[in-house]
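Numbering (the UniProt record's numbering), first residue to last: 1 to 325. I have placed the structure first, in the form of structure tokens, so that the comments after it can refer back to it.
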């Protein structure tokens with residue numbers, strides 16, 4: 001990963017946080033002030049302290065869930081953390097589900113053992129899954145505090161002129177597949193594969209790719225019996241249209257195969273710089289998603305992978321032919 005590390009910047013944020021800052025500045029500033037006011041009032045100190053010992057610093061991004069701030073753990077020598085705020089009035093709250101996903105993933109190897117040296121008893125982390133430190137409510141907000149990470153793969157892609165070498169994509173693909181394999185082994189399907197959701201760690205872990213943002217995750221089988229959820233169709237779309245699988249476009253229940261196909265689309269995006277279904281126009285989002293789905297179905301894998309090593313076509317053909325279960 002050394003060719004990636006030269007471009008990474010310790011402590012920077014992922015593009016799905018940064019890009020959102022370019023729009024809605026006035027409304028986000030108002031939201032920012034509301035969060036600060038809420039946290040200051042709750043402590044009575046005016047120092048933006050939440051959960052007794054986390055200090056809020058600058059805003060570093062926002063997303064569909066709300067706003068994310070850089071913060072510091074005052075009990076851990078000002079260790080940097082990421083603090084997510086989500087309105088408790090949100091119509092589609094995500095942070096509680098995300099917290100549950102982190103607990104499941106971080107505890108699967110450690111058998112729910114907790115760090116005896118940590119007064120918070122936060123769940124231990126494993127390679128490529130961020131540590132989670134706290135979830136709770138503060139004022140009008142749900143709050144999730146997790147490990148602060150570096151730039152996203154989308155950020156690195158931009159910094160590299162929107163083209164990765166075959167070697168770089170192979171290195172990235174190995175870690176991405178390992179992360180999603182781990183999610184699947186824990187009876188979960190991710191459902192929103194995209195470069196923005198894979199972040200580089202900060203030093204000394206800047207050779208590790210982390211998987212973040214588990215708001216779309218779903219249990220695909222019972223963790224005890226291992227019984228798979230039934231096949232359904234006419235499902236609403238979930239995920240990012242550019243990378244989602246053909247079956248997702250067709251309204252079919254997602255399973256492991258769909259995560260794998262989405263990763264294949266990400267690999268091709270990194271190798272080619274763009275995908276054939278980017279930039280399609282339509283009067284409504286629904287029609288646009290239909291167009292994207294039609295283009296995916298009508299574009300042969302041989303055309304998608306033209307002039308690339310055959311392994312990429314082999315991979316995409318294989319995962320597109322997997323059964324639901």
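Glycine included, C-beta positions come from ideal geometry on N, C-alpha and C. Keep in mind it's a predicted model, so treat the numbers as computed, not measured.
Nearest-angstrom beta carbon gap, residue j and residue i [assumed within contact, 8 Å]
{"i": "residue 128", "j": "residue 179", "result": "5 Å"}
{"i": "residue 55", "j": "residue 71", "result": "6 Å"}
{"i": "residue 291", "j": "residue 280", "result": "5 Å"}
{"i": "residue 246", "j": "residue 201", "result": "About 33 Å separates the two Cβ atoms, so there is no contact after all."}
{"i": "residue 68", "j": "residue 83", "result": "7 Å"}
{"i": "residue 66", "j": "residue 87", "result": "6 Å"}
{"i": "residue 130", "j": "residue 104", "result": "Contact flag wrong, Cβ pair sits at about 13 Å."}
DSSP state of residue i mapped onto helix, strand, coil
{"i": "residue 82", "result": "strand"}
{"i": "residue 317", "result": "helix"}
{"i": "residue 73", "result": "strand"}
{"i": "residue 104", "result": "helix"}
{"i": "residue 304", "result": "helix"}
{"i": "residue 203", "result": "coil"}
{"i": "residue 191", "result": "coil"}
{"i": "residue 198", "result": "strand"}
{"i": "residue 228", "result": "strand"}
{"i": "residue 62", "result": "strand"}
{"i": "residue 218", "result": "strand"}
{"i": "residue 94", "result": "coil"}
{"i": "residue 55", "result": "strand"}
Residue i vs residue j beta-carbon contact at 8 Å
{"i": "residue 214", "j": "residue 143", "result": "no"}
{"i": "residue 212", "j": "residue 243", "result": "no"}
{"i": "residue 150", "j": "residue 206", "result": "yes"}
{"i": "residue 133", "j": "residue 81", "result": "yes"}
{"i": "residue 289", "j": "residue 237", "result": "yes"}
{"i": "residue 169", "j": "residue 270", "result": "yes"}
{"i": "residue 221", "j": "residue 209", "result": "no"}
{"i": "residue 264", "j": "residue 316", "result": "yes"}
{"i": "residue 101", "j": "residue 224", "result": "no"}
{"i": "residue 204", "j": "residue 152", "result": "no"}
{"i": "residue 256", "j": "residue 235", "result": "no"}
{"i": "residue 268", "j": "residue 305", "result": "yes"}
Continuous alpha helix (DSSP H) stretch holding residue i: start and end
{"i": "residue 259", "result": "256 to 272"}
{"i": "residue 339", "result": "Not covered by the structure: residue 339. The range shown for the chain is 1 to 325."}
{"i": "residue 154", "result": "153 to 159"}
{"i": "residue 246", "result": "246 to 249"}
is_contact[residue i, chain B] using C-beta, thresh 8 Å
{"i": "residue 249", "result": "The chain labelled as chain B is not found in the depicted structure, where only one protein chain is given."}
Where the beta strand (DSSP E) containing residue i begins and where it ends
{"i": "residue 179", "result": "Residue 179 -> not in any beta strand (DSSP E); alpha helix (DSSP H) instead, spanning 166 to 185."}
{"i": "residue 143", "result": "141 to 147"}
{"i": "residue 359", "result": "Shown here, the chain extends from 1 to 325; a query on residue 359 therefore has no answer."}
{"i": "residue 210", "result": "209 to 211"}
Between the region 152 to 159 and the region 295 to 308, are three or more C-beta pairs nearer than 8 Å?
-> no
Cβ pair count under 8 Å reaching 3, the region 250 to 270 against the region 313 to 325 = yes
Kindly confirm or deny that the region 185 to 205 and the region 100 to 108 touch, where touching means at least three C-beta pairs closer than 8 Å.
-> yes
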